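Start counting the sequence shown at 1478; every next residue gets the next number (the numbering used here). Working notes, beginning with the structure itself.
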Amino acid sequence: QVQLVESGGGLVQPGGSLRLSCAASGGDFRLYTMAWYRRPPGKQREPVAILTGGGAIIYADAVKGRFTISRDNTGNTVYLQMTSLKPEDTAVYFCRLSLSYLDYWGQGTQVTVSS
């Protein structure tokens, strides 16, 4: 059974940094596309950063230059390093692992950027 466990969310002041982690278990995820999405208050879920199994990376325009997605050597953990955080980054952040018809989501972790 595949499980995704996210951690690292919390309250941070504008300009601060956080690192989110998503640990996957129950399979071999080295070929999977790993991604982070977020759902701001009152809005729909949107993609933030995508890391394909082949190593290609795509960032949403709103986070380019501030966020970095990466994965560990086992391929089972994906990270999102967030810097220069802004109030508009406030959202529930979700990790997603996908390969063909296989599609798994984490439970979400709250990130609040406020002074």
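Ideal placement from N, C-alpha and C gives every residue a C-beta, glycine not left out. Source: prediction; values computed, not measured.
query                                                                                                         : result
Which of helix, strand or coil DSSP assigns to Pro1564                                                        : helix
Supposed close pair Leu1481, Cys1572 - CB separation, criterion 8 Å                                           : 6 Å
For Tyr1556, the nearest candidate out of Gly1583, Gly1492, Gln1521 (CA to CA)                                : Gly1583
Buried or exposed (CB count within 10 angstroms, at least 16 for buried), Arg1548                             : buried
Contact between the segment 1559 to 1569 and the segment 1498 to 1508 (3+ Cβ pairs under 8 Å)                 : no
Secondary structure of Pro1518, DSSP reduced to three states                                                  : coil
Proximity to Asp1580 [Cα-Cα], best of Ala1512, Val1590, Lys1541                                               : Ala1512
Three-state secondary structure (DSSP) of Arg1507                                                             : coil
Val1479, buried or exposed, once every other Cβ within 10 Å from all chains shown has been counted against 16 : exposed
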